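Novice:
Numbering (mature numbering (1 follows the signal peptide of the UniProt record, and there is no 0)), first residue to last: -21 to -1, 1 to 449.
1. In terms of residue numbering, what span does the beta strand (DSSP E) encompassing residue 212 cover?
2. Which term fits residue 243, buried or exposed, when burial requires 16 or more other beta carbons within 10 angstroms of its beta carbon?
3. Between 256, 376, 365, which has its C-alpha nearest residue 441's C-alpha?
4. Just verifying my parser: in three-state terms, what is the DSSP assignment at residue 13?
5. How is the beta strand (DSSP E) around residue 147 delimited, first residue to last?
6. What did DSSP end up calling residue 242 once you bin it into helix, strand or coil?
7. Bridge partners of residue 105, per DSSP?
8. Can you tell me which of the three DSSP states residue 178 falls into?
9. For residue 43, list the residues DSSP reports as bridge partners.
10. Please confirm whether residue 205 and residue 276 have their CB atoms less than 9 Å apart.
11. Which of helix, strand or coil does DSSP assign to residue 230?
12. Taking Cβ to Cβ, would you say residue 402 is nearer than 9 Å to residue 395?
13. How far does the beta strand (DSSP E) with residue 374 in it extend, from its first residue to its last?
14. Count the CB pairs spanning the region 322 to 335 and the region 352 to 359 that are closer than 8 Å, and state whether there are at least three.
15. Does DSSP put residue 443 in a helix, in a strand, or in coil?
16. Just checking my contact of residue 360 with residue 65 at CB under 8 Å: how many whole Å lie between their CB atoms?
17. Near residue -17, which residues of its chain fall below 7 Å by C-beta distance, leaving aside the five closest residues on each side in sequence?
18. Cα separation between residue 136 and residue 122?
19. Examine the Cβ distances between the region 27 to 38 and the region 420 to 438 and report whether three or more of them are shorter than 8 Å.
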């Protein structure tokens, strides 16, 4: 214990007299955080982050000193990308929407929701030998329909966007006025595509048929068009490593394929998610629920978590995947993954809710909506940034290692805006304060504090601080 105390005292002493010459003070690693923090309240420094352990947390830095006088330009705060900042809301949509929803927020005030439609006039389903004998509509009306909203509250029914054969819609994109509606046929297999240039006419658009012959049988895919190159990226279930029938038709392996136009030449890339356990070399079999065909898979041990029914969104330079999460021995819920590149494997960062979600995500009315099937509620978030952060910066003008002047406490937050050309891409503006009003000086320090907002349950995890000097 004595050695630990002496080490910490030595570390703080060294940090308080830290002298630098660089033009940027960056705190981004475990060592940098330990060296930079002089005092803290309700804070744990762990894993290269300053993690709040309560809602009223505070960090006070050392004074970073410089041999020559410098002018502060800005300070930027970056939080963890775990995105734990969610709260439940009333169900989005209207009665009659069934099966996996697909959310397509085209622009501000123009939000589309696709789902199977069953009008209340049909009453409850009455199945005989698996067939709903209460269904009296023509097949052309028994597929997916579209609804339109200007405020995410009131929804106008526009009519069918697919027929009965094309009823297993999984995901959608939007490009230059055209809706790219992907569906599986048979259920859970082989993405097909409808391109609809007039989604309001109540008719199905042009059916391109199968656009990606998934060699692993699974699909339930997500599509996202990346603003970096305009290409379409498909994230799909790969059933090769497990009996999908006993895992909610999900898998520990998510495939990734890319196409230049979303129609042709899908090319398979390394997996987006790979949580396979140990392969045994043994082959098992199961019967598909729809086709009744027998499929083979390689048996793995121990038992594997499974994920599926993917949905994707890009926020700034981060890509997020949400999905069904079927953990071993537990009930299904929503899972959440993140990556800083579509070319890298995604990292599992959290879960929320309960029940079989088949989720869809999008940005509307300044908020992120996570909409689920088979649930009484949905989720909403202001974004990955957890709100309630205030900060200030101080300057040592007399070169004595002490702050002579502080800025006022100011609210600081990452903000989000729609990318007008990509419906699944959201732009970010960093959580940054302008420091040009501070006088020049020989040292600088910062403080930030947190407070709890309304309905807030997530705690702040500060990952990085960058103070830029001139």
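C-beta: ideal position from N, C-alpha, C; glycine also.
Because the structure is a prediction, the values reported are computed rather than measured.
Specialist: By the coordinates alone:
1. The sequence position of residue 212 within the chain shown is 233, counting from 1. Start and end: 211 to 217.
2. Counting from one through the chain shown, the residue named residue 243 turns up at place 264. That one is exposed.
3. Numbered from its first residue, the chain shown carries residue 441 at position 462. When each option's Cα is compared against that of residue 441, the closest is 365.
4. Taking the chain shown and counting its residues from 1, the one referred to as residue 13 is at position 34. Residue state, collapsed to three classes: helix.
5. Taking the chain shown and counting its residues from 1, one reaches residue 147 at position 168. Here the beta strand (DSSP E) through residue 147 covers 147 to 154.
6. As a position in the chain shown, residue 242 is number 263, starting the count at 1. If DSSP states are grouped into helix, strand and coil, residue 242 belongs with coil.
7. Locating residue 105 in the chain shown gives position 126, where the first residue counts as 1. Residue 105 is not bridged to any residue.
8. For this step, residue 178 is matched to residue 199 along the chain shown. Helix at residue 178.
9. Along the chain shown, one-based indexing puts residue 43 at 64. Residue 43 pairs with 423.
10. As a first step, residue 205 is located in the chain shown; it is residue number 226 there, counting from the start. As a first step, residue 276 is located in the chain shown; it is residue number 297 there, counting from the start. No, Cβ-Cβ distance for residue 205 and residue 276 is not below 9 Å.
11. Numbered from 1 along the chain shown, position 251 holds the residue referred to as residue 230. Three-state result, residue 230: strand.
12. If you number the chain shown from 1, residue 402 lands on position 423. If you number the chain shown from 1, residue 395 lands on position 416. Not a contact, by the Cβ cut-off of 9 Å.
13. The residue given as residue 374 occupies position 395 in the chain shown. Start and end: 368 to 375.
14. yes
15. In the chain shown, residue 443 corresponds to position 464, counting from 1. Three-state result, residue 443: strand.
16. Here residue 360 corresponds to residue number 381 of the chain shown, with the count starting at 1. Here residue 65 corresponds to residue number 86 of the chain shown, with the count starting at 1. Right, their Cβ atoms sit about 5 Å apart.
17. Position 5 of the chain shown, counted from the start, is the residue given in the question as residue -17. Its pLDDT being 35, under 50, residue -17 is placed unreliably by the model, and the measurement read from it follows with that caveat. Closer than 7 Å at the Cβ level, and outside the excluded window around residue -17, lies no residue.
18. As a first step, residue 136 must be located in the chain shown, where it is residue number 157. As a first step, residue 122 must be located in the chain shown, where it is residue number 143. Those two C-alpha atoms are separated by around 14 Å.
19. With the cut-off at 8 Å, the region 27 to 38 and the region 420 to 438 touch.
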